[in-house]
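Asker:
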Amino acid sequence: MNKLVQFSRAIIAIAMLLAVSSPSFAYDFEADGIYYNITDEIAKTVEVTYKGESYVEYYDEYVEKVIIPESVSYNGETYLVTSIGEAAFGHCSKLNTVFIPNTVISIGNSAFVSSSITEIIIPNSVTTIGDYAFAACNEMTSVTIP
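Residue 21 is where the sequence shown starts when you use my numbering, and the numbers rise one by one after that.
(1) Using only the alpha-carbon positions, how far apart do residue 88 and residue 51 sit?
(2) Roughly how many angstroms separate the alpha carbons of residue 127 and residue 164, rounded to a whole number?
(3) For the beta strand (DSSP E) that residue 94 lies in, which residues bound it at each end?
(4) Tell me residue 110's beta-bridge partners as DSSP assigns them.
(5) Use the C-beta contact count for residue 107: other C-beta atoms within 10 angstroms, 16 or more gives buried, fewer gives exposed.
(6) State the Cα-Cα distance for the pair residue 166 and residue 147, rounded to the nearest angstrom.
(7) Figure out for me which residue from 68, 124 and 83 has the closest Cα to the Cα of residue 111.
(8) Hey, how far is the Cα of residue 65 from the Cα of residue 55?
(9) DSSP three-state call for residue 133: helix, strand or coil?
(10) Note down, in chain order, each residue of its chain lying with its Cβ closer than 6 Å to the Cβ of residue 95, except the 5 sequence neighbours on either side.
(11) Around the Cβ of residue 67, are there at least 16 other Cβ atoms within 10 angstroms (buried) or fewer (exposed)?
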């Protein structure tokens with residue numbers, strides 16, 4: 021019985037070590053270098069997000085230019101990209117340009133906070149822009165809102 025207890029403790033210790041050492045991610049899936057969360061499984065919609073458990077863990081995840089597609093496929097399903105999530109591009113100091121498709125209807129709080137984007141064109145489809153979406157975007161020279 022003593023060996024069984026020791027074996028059980030060893031297995032539990034290994035499991036705990038693996039749980040602590042494995043990275044935790046905030047996204048549901050990645051496609052073509054962009055991270056997404058499923059926002060509605062029935063309507064098949066997603067939002068753009070960041071990679072890590074917290075956006076501060078992955079500064080500069082997005083670099084230079086990001087072209088957000090209108091839709092993306094995952095596990096045999098096609099999802100419509102309808103939003104840019106909270107802090108999705110936050111603190112990306114090497115990100116210059118983001119192309120937003122006409123399927124996006126909302127831009128979340130702090131979506132681009134402290135990023136280095138220089139210009140952005142917000143499509144007619146966007147009806148909501150969250151608080152501080154473009155706060156501390158010191159390189160911004162042009163914002164087009166139709």
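Glycine is no exception: its CB is placed at the ideal position from the N, C-alpha and C atoms.
Answerer: According to the structure shown:
(1) Their Cα atoms are separated by approximately 10 Å.
(2) Going from the Cα of residue 127 to the Cα of residue 164 covers about 14 Å.
(3) Judged by DSSP secondary structure, residue 94 falls within the beta strand (DSSP E) whose first and last residues are 91-94.
(4) Beta-bridge partners assigned by DSSP to residue 110: none are found.
(5) Answer is buried; the Cβ neighbour count reaches 16.
(6) Residue 166 and residue 147: Cα-Cα distance of roughly 11 Å.
(7) Ranking 68, 124 and 83 by CA distance to the CA of residue 111 puts 83 first.
(8) Just so you know, the alpha carbons of residue 65 and residue 55 end up roughly 13 Å apart.
(9) Reduced to three states, the DSSP call for residue 133 is coil.
(10) For residue 95, where only same-chain residues beyond five positions count, there are no Cβ hits under 6 Å.
(11) Buried, since its Cβ has 16 or more Cβ neighbours within 10 Å.
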